[in-house]
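Trainee: Residue numbers (my numbering): 354 to 461.
Submitted below is the structure of interest, expressed as structure tokens.
Written as structure tokens, this is what we have:
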């Protein structure tokens, strides 16, 4: 696919591109890395071995791939005081909505 479709398409547009793999096991095969080393020396990003010519190795735990951990960290960072303040603000805003009869309220 790289040889017959993707790279010809990219090269027809511009020869100045950097190719980034996603680190999937099939993309780490020796044949794939040899092809990338030959076609794009110092112009590809991915899992690499000692002799590979990748411009940058693919990090083993890239931040955008660890969403569950980031969500757990964000949830764990919520303090009891923050929750209390949110409920107080919510209660206040409900009271303002009631007082306005459900009509439009600016800048709450």
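No residue lacks a Cβ here, since even glycine has one placed at the ideal position from N, Cα and C.
The structure presented is a predicted model; accordingly, all values stated were derived computationally and were not measured.
(1) With a 10 Å radius around its C-beta and 16 neighbouring C-beta atoms as the bar for buried, classify residue 393 as buried or exposed.
(2) In whole angstroms, what separates the C-alpha of residue 431 from that of residue 439?
(3) Where does residue 408 sit, in a helix, a strand or coil, going by DSSP?
(4) So, for residue 382: in the same chain, excluding its five sequence neighbours on each side, which residues have a beta-carbon less than 7 Å away from its beta-carbon?
(5) On the CB-based measure, 16 or more other CB atoms within 10 Å of its CB, does residue 421 come out buried or exposed?
(6) Report all residues from its chain with a CB closer than 6 Å to the CB of residue 386; omit the five preceding and five following residues, and keep chain order.
Mentor: The relevant details are as follows:
(1) buried
(2) 11 Å
(3) coil
(4) none
(5) exposed
(6) 405
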